[in-house]
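Undergrad: Please see the structure below; I have some questions.
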Amino acid sequence: MRILHICPAPRLDSPLAPACLQYLGHQVERLSLDQLRRAETDSVTADIVVADACLDLSLAPAIAEVVAQLCLAAPIIVVLSEGGLATTSAKWNVSDIVLTTAGPAEVEARLRLARDHHRTQVPQSATPWGSGSGVSTTGSAAGPGGPRPDSPSWSASGPWTSAGEPMIVVSGALRIDETAFTAHLGERSLDLTYREFALLKFFAMHPERVFTRDEILFAVWGDDYFGGTRTVDVHVRRVRAKLGKDFENAIHTVRYVGYRFSPDSAAAHGDGAESNTDEASDTEEASGHEQPEAESNEEDVKV
């Protein structure tokens, strides 16, 4: 989800922990209200606007007007401290409010509800990316709203999912097509289960970024999955095996942290040495957890 985070000052040190939004796997762009006012019409795009009015309550009644002037069709959530609740008003024309004390699960729920409710109210042609016919980019990570600055080494083409994600992702020699649920490494087709496909697409969309196992579990399995993070290690090993010795090193184990996807470095380490180190790291970190054979059968459904 593409989130425009509006803060009261250029320092952008919001009481609503920005790390919370990034932990949830969203693309976050931060601007001050003045920067937003100076932006050109149609130059700013987002799925949702999060306006932090904790330090400056005057931002709350002003944000809707500024967003409308920019022709930005996105719901608005205002972040308040408990003391600011008494000032809330329907005249703000915002979709929801959230307190600074809200945890990641509540923040994610409110973001999704606001986005989905807004989509049922606004015709698709009024969204920032138009009719949804898709776009195509080369050499940069782009979504319906333009380039993704944190992912310079992958490309995407439309159409787009309801969550604002590309249906086709290209990262190095890897091409993932969600319209047909196929994945190719060069000319070779990869025989992946549904969960392996989702995991590989997640990695391909976030090259060179380190994710913890908890972050991967939340992004790929969802917040309603009650198994442990051991399943992430199991599926990473399965995906590595299917990528083959020349590309398995693209998924690096960052010891005691999680994983990083580096497609450009795979060819440089094609001898498999780093892969063996990664496998050992997985085994060490997973000691005391359940064995791979304990995984649910639903993970083995082919796409």
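Final position of the sequence shown in this note's numbering is 304; the numbers increase by one with none missing. All C-beta atoms in this analysis are idealised placements derived from N, C-alpha and C, irrespective of residue type, glycine included. The model shown is predicted, which means the values in this text are computed figures rather than measured ones.
Cβ atoms of glutamate 109 and leucine 25: under 8 Å apart, would you say?
TA: Yes, Cβ-Cβ distance for leucine 25 and glutamate 109 is below 8 Å.
Undergrad: I need the straight-line Cα distance from leucine 33 to arginine 120, nearest angstrom please.
TA: With the sequence shown as reference, residue 33 is identified as serine, and leucine is not the correct amino acid for it. Straight-line Cα distance between these residues: approximately 26 Å.
Undergrad: Let me check one thing: in DSSP terms, what residues is serine 172 bridge-paired to?
TA: Paired residue(s): Leu175.
Undergrad: For glycine 100, which of Ala106, Glu83 and Val258 has the nearest alpha-carbon?
TA: The sequence given here places leucine at residue 100; glycine does not occur at that position. Out of Ala106, Glu83 and Val258, Glu83 has the C-alpha closest to the C-alpha of leucine 100.
Undergrad: Rounded to whole angstroms, what's the CA-CA distance from histidine 6 to arginine 238? Just pull it up for me.
TA: Distance between the alpha carbons of histidine 6 and arginine 238 is about 36 Å.
Undergrad: For the candidate residues Glu107, Ala69, Thr102 and Ala103, whose alpha-carbon lies nearest to that of tryptophan 93?
TA: Closest by alpha carbon: Ala69.
Undergrad: When DSSP labels each residue in this structure, what does arginine 75 get in the three-state scheme?
TA: Note that residue 75 is alanine in the sequence shown here, rather than arginine. The answer is coil: DSSP assigns alanine 75 none of H, G, I, E or B.
Undergrad: Just the Cα atoms here: how many angstroms apart are isoleucine 98 and alanine 47?
TA: Going from the Cα of isoleucine 98 to the Cα of alanine 47 covers about 18 Å.
Undergrad: Assuming methionine 206 and valine 170 are in contact, meaning their beta carbons sit under 8 Å apart, how far apart are those beta carbons, in whole angstroms?
TA: Indeed, because the Cβ distance is near 6 Å, the residues count as touching under 8 Å.
Undergrad: In terms of alpha-carbon separation, which member of Thr102, Ser190, Asp225 and Pro76 lies closest to methionine 2?
TA: Per the Cα distances, Pro76.
Undergrad: Does DSSP put glutamate 188 in a helix, a strand or coil?
TA: Coil, per DSSP.
Undergrad: Quick check on DSSP: helix, strand or coil for leucine 218?
TA: In this structure, leucine 218 counts as helix in the three-state DSSP scheme.
Undergrad: For threonine 102 and leucine 58, which I take to be in contact (beta-carbon distance under 8 Å), what is that distance rounded to the nearest angstrom?
TA: Threonine 102 to leucine 58, Cβ: 17 Å. No contact.
Undergrad: Per DSSP, what kind of secondary structure is glycine 229 in: helix, strand or coil?
TA: If DSSP states are grouped into helix, strand and coil, glycine 229 belongs with coil.
Undergrad: So for threonine 88, helix, strand or coil by DSSP?
TA: Threonine 88: helix per DSSP, three-state reduction.
Undergrad: Taking Cβ to Cβ, would you say isoleucine 49 is nearer than 8 Å to leucine 114?
TA: Going by C-beta atoms, isoleucine 49 is not nearer than 8 Å to leucine 114.
Undergrad: Since alanine 40 and leucine 71 should fall inside the 8 Å C-beta cutoff, what is the C-beta to C-beta distance between them, to a whole number of angstroms?
TA: Correct: roughly 6 Å between the Cβ atoms.
Undergrad: According to DSSP, simplified to helix, strand and coil, what is valine 237?
TA: Correct three-state label for valine 237: helix.
Undergrad: So is arginine 189 buried or exposed if we call it buried at 16+ other beta carbons inside 10 Å?
TA: Result: exposed.
Undergrad: Does glycine 223 pass the burial test, meaning 16 or more other C-beta atoms within 10 Å, or should it be called exposed?
TA: Exposed: under 16 other Cβ atoms inside 10 Å.
Undergrad: Using a threshold of 8 Å, state whether the C-beta atoms of phenylalanine 248 and valine 221 are closer than that.
TA: The answer is no: Cβ separation not under 8 Å.
Undergrad: Determine the DSSP secondary structure at glutamate 41, reduced to helix, strand or coil.
TA: Coil, per DSSP.
Undergrad: Could you check if tyrosine 226 is buried or exposed, using at least 16 other CB atoms within 10 Å of its CB as the buried criterion?
TA: When all chains shown are included, tyrosine 226 counts as exposed.
Undergrad: For leucine 25, which of helix, strand or coil comes out of DSSP?
TA: Coil at leucine 25, not helix or strand.
Undergrad: For valine 255, which residues in the same chain have their Cβ closer than 6 Å to its Cβ, ignoring the five residues on either side in sequence?
TA: For valine 255, where only same-chain residues beyond five positions count, the Cβ hits under 6 Å are Val211 and Arg261.
Undergrad: Counting along the chain, where does the alpha helix (DSSP H) carrying arginine 196 start and finish?
TA: Unbroken alpha helix (DSSP H) run through arginine 196: 195-206.
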